[in-house]
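Those protein sequences? They're chains P and W, same order as listed. For the first sequence, the numbering used here gives the first residue as 3, with consecutive numbering after it. For the second sequence, the numbering used here gives the first residue as 3, with consecutive numbering after it. All residues carry an ideal CB built from backbone N, CA and C; glycine is no exception. What follows is a short report on a single structure.
There are 2 protein chains.
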Amino acid sequence: MIILKSVITTKTTAIAHSNTALIKYWGKRDEELIIPMNNSISFTTEALTTTTTVEFSEELTKDNFILNGTEQTGKPLKRVVDHLAIIREISQTNVKAKVYSENNFPTAAGLASSASGFAALTSAATNAAGLKLDKKELSMISRRGSGSSCRSFYGGYVEWIANNEQNESYAIQLADENWFDIRDIVVVLKTPERKMSTRDAMKLSIKTSPFFKSRLDTLDTNLAKIRLAIKERDFNSLGSVAEMDCLSMHSVAITSNPPQIFWTPDTVKVMHFVENLREEKIDAYYTIDTGANLHILTIPKFEHEIVKQLEEKILPEKIISSKPGPGVKVVNEHLF
Amino acid sequence: MIILKSVITTKTTAIAHSNTALIKYWGKRDEELIIPMNNSISFTTEALTTTTTVEFSEELTKDNFILNGTEQTGKPLKRVVDHLAIIREISQTNVKAKVYSENNFPTAAGLASSASGFAALTSAATNAAGLKLDKKELSMISRRGSGSSCRSFYGGYVEWIANNEQNESYAIQLADENWFDIRDIVVVLKTPERKMSTRDAMKLSIKTSPFFKSRLDTLDTNLAKIRLAIKERDFNSLGSVAEMDCLSMHSVAITSNPPQIFWTPDTVKVMHFVENLREEKIDAYYTIDTGANLHILTIPKFEHEIVKQLEEKILPEKIISSKPGPGVKVVNEHLF
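Have a look at this one:
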């Protein structure tokens, strides 16, 4: 990592998009550094965006974090302060920062706001701190704030390399957002408050699920299948392997002790809805993160029909349809 | 096996109860003989009853099977005819039979009607054919009609021994129905028609689920825990291990290819309902067979409260509350 300047420069704003995992990240080898147990693959989700402005200022006595117009305290503030501390250590400063952040989607809806949030924060804060870093370096810093955020630095299809000989863990791009046009129809459901954080649920799975190791054993094959499906633009292979990996990850959670069942009745309703779409010869598969919401993966020509049927048969809280989007960008319009 | 007489004697009627598995039977080592991959443990479910009358008669040109007043054809008839053929072979006769059978619960509701059905049929038909067999022998014959039916010959808590040196697979009693009084609140939901038979779903799991073998590896421990829980009348241990094994079995089904998701939205609603009961300090656990219905396991003092809350919050199609019941009995009142 090259530190060009440790002098605080400017206010910086970055825009990052969330990402949707096709092969899930579930379980850490290193809790502190956030090194995952397995490689994961995602695509960047254009429609789910976080914009973050960071300004370091000698006048501040502590860090501030305003999310969607509301000053944050407690855990959300602590995660941002801890992440700024990592960036301050790299840039050899102790100046405090003001962080404004806005999601274009409901934060509490159980969508992966920490992925876009930490990607935007890392990009804006390192830039504002005068660091000039490449995406590999950015992904490694961002990973320590939120693991899956490291995949949001690149557009299109991205693989998070768990670990290599240098003990580094970072993201690489498999194909850009123009390579293979798919659709991610995000089905936002009424989500009950989760009883356990994703972090704790992962730890529990490693310790207690009899299937944790068996899932890891399947991953080399499934990662290879997804890489090939992306390369060959084979949607049915991509979708079916993603759905199977989602069910494998959730089965690991379900067989943890105590069981972690993230699905609500509506989740299962949508799962069967997607199975029925396939019986109607509509190419569609689902994937589910740590929560009740689903992502229905499809190809552009079925997007309209699926949204229509969702509105008729499911009536979810919100439907957000997305294509693969670009990586993190620094922009000139600030939030304050 | 001692064949006392091959002469056809009398019309015989038997009553058998279904059973509820605490450790599930999932997967066969031998498809033809129905030798399971693993031992399973159940208790006999008093409230779910099949009564069957069998009469062999030289006047019949083919077997007849009347279930709940309706003459059966196709698959249901074929399973009964095939089972009668096994019994005819043992008793060295080729006389045809008339079989009348009545369930005291809705047959198509996804309850385990084949367990009580084949236990009653085996008992009545062998008796009517003049065979005098003990329960071990009966359970081995019945197993070939429906695997889990072999557990219904005994009252109370029963283990189905997968296999032993003699290549025999039969049921034994762990404790009778008076040993340990628990309640099984059967929650009957609106169940969609299944796309695949249990038999085919098991075969698919063996072939395609990455977790099939891992589940088998957990079973020695879980079987031992359930045996001990029965011996020590430790309800919370019995319930929590049963619930975990149910989730393990369903995870194996869910990770089969194509996925076998037996749960409906209402299934998941009841799963979370039971989790909430525990938060209210009500001892309750669920187990789910190959279908959408659940069995809520509890102790007598919570039975009324749980049924009340089910009626208020879930409003299922039907609630059937049962205690552990007796084994198969031959009775004198016939159905025809």
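{"Query": "By DSSP, does Leu299 of chain P sit in helix, in strand, or in coil?", "Result": "strand"}
{"Query": "According to the Cβ coordinates, are Gly158 of chain P and Asp178 of chain P closer than 7 Å?", "Result": "yes"}
{"Query": "Which residues, taken in chain order from the region 228-258 of chain P, show a beta carbon closer than 7 Å to some beta carbon of chain W?", "Result": "Met246, Leu249, Ser250, Ser253, Ile256 and Thr257"}
{"Query": "If you follow the beta strand (DSSP E) that Asn66 of chain W is part of, which residue opens it and which one closes it?", "Result": "Asn66 to Leu69"}
{"Query": "If you count every other CB in all the chains shown that lies within 10 Å of the CB of His306 of chain P, and 16 or more means buried, which is it?", "Result": "exposed"}
{"Query": "For Leu206 of chain P, does the count of other Cβ atoms within 10 angstroms reach 16, so buried, or fall short, so exposed?", "Result": "buried"}
{"Query": "Roughly how many angstroms separate the alpha carbons of Val160 of chain W and Val276 of chain W, rounded to a whole number?", "Result": "25 Å"}
{"Query": "Would you call the region 117-128 of chain W and the region 39-55 of chain W touching, i.e. three or more CB-CB distances under 8 Å?", "Result": "yes"}
{"Query": "Leaving aside the five residues before and after Phe304 of chain W along the sequence, list all residues of the same chain whose C-beta is less than 7 Å from its C-beta, in chain order.", "Result": "Ile284, Asp285 and Ala286"}
{"Query": "So for Asn105 of chain P, helix, strand or coil by DSSP?", "Result": "strand"}
{"Query": "Based on DSSP bridge pairs, tell me the residues matched to Ala23 of chain P.", "Result": "P:Ser44"}
{"Query": "Assuming the contact rule is C-beta atoms closer than 8 Å, Val189 of chain W and Leu24 of chain W should be a hit. Round their C-beta distance to whole Å, please.", "Result": "Incorrect: roughly 17 Å between the Cβ atoms, too far for contact."}
{"Query": "To the nearest whole angstrom, what separates the beta carbons of Ile321 of chain P and Val309 of chain P, a pair I think is in contact under 8 Å?", "Result": "6 Å"}
{"Query": "Are Glu60 of chain P and Lys325 of chain P close, meaning C-beta to C-beta below 7 Å?", "Result": "no"}
{"Query": "Is there contact between the region 68-79 of chain P and the region 25-37 of chain P, where contact requires at least three CB pairs shorter than 8 Å?", "Result": "no"}
{"Query": "Measuring only between beta-carbons, confirm whether Lys209 of chain W sits less than 7 Å from chain P.", "Result": "no"}
{"Query": "With distances taken from CA atoms, which of P:Arg90, P:Ser20, P:Met198 and P:Thr300 is nearest Ile44 of chain P?", "Result": "According to the sequence provided, residue 44 of chain P is Ser. The question's Ile does not apply to it. For the residues P:Arg90, P:Ser20, P:Met198 and P:Thr300, the minimum Cα distance to Ser44 of chain P belongs to P:Ser20."}
{"Query": "Run through chain W and tell me which residues come within less than 9 Å of Thr266 of chain P, C-beta to C-beta.", "Result": "Pro267, Val270, Lys271 and His274"}
{"Query": "On a Cα-Cα basis, can you pick out the residue from W:Ala126, W:Val272, W:Gly149 and W:Leu299 that is closest to Lys192 of chain W?", "Result": "W:Val272"}
{"Query": "Hey, is Pro261 of chain W's beta-carbon within less than 7 Å of any beta-carbon in chain P?", "Result": "yes"}
{"Query": "Give me the Cβ distance between Lys13 of chain P and His336 of chain P, rounded to the nearest whole Å; I'm assuming they're in contact under 8 Å.", "Result": "6 Å"}
{"Query": "Spatial neighbours of Asn388 of chain P within its chain, please: C-beta separation below 6 Å, excluding the five flanking residues on both sides.", "Result": "Residue 388 of chain P lies beyond the residue range present for chain P, which begins at 3 and ends at 338; the question has no answer from this structure."}
{"Query": "Around the C-beta of Ala231 of chain W, are 16 or more other C-beta atoms found within 10 angstroms, so that it is buried, or is it exposed?", "Result": "buried"}
{"Query": "Measure from the C-beta of Ser199 of chain P to each C-beta in chain W and report whether the shortest distance is under 7 Å.", "Result": "no"}
{"Query": "Measure the alpha-carbon distance for Tyr340 of chain P versus Phe213 of chain W and round it to whole angstroms.", "Result": "The shown model of chain P, from 3 to 338, leaves out residue 340 of chain P, and the question about it has no answer."}
{"Query": "Measuring straight from C-alpha to C-alpha, what distance separates Asn334 of chain P and Ile17 of chain P?", "Result": "10 Å"}
{"Query": "Let me see if you follow: with CB-CB separation under 7 Å, is Ser115 of chain W close to chain P or not?", "Result": "no"}
{"Query": "Taking all protein chains shown into account, decide if Phe338 of chain P is buried (16 or more other Cβ within 10 angstroms of its Cβ) or exposed.", "Result": "exposed"}
{"Query": "Measure from the C-beta of Ser216 of chain W to each C-beta in chain P and report whether the shortest distance is under 7 Å.", "Result": "yes"}
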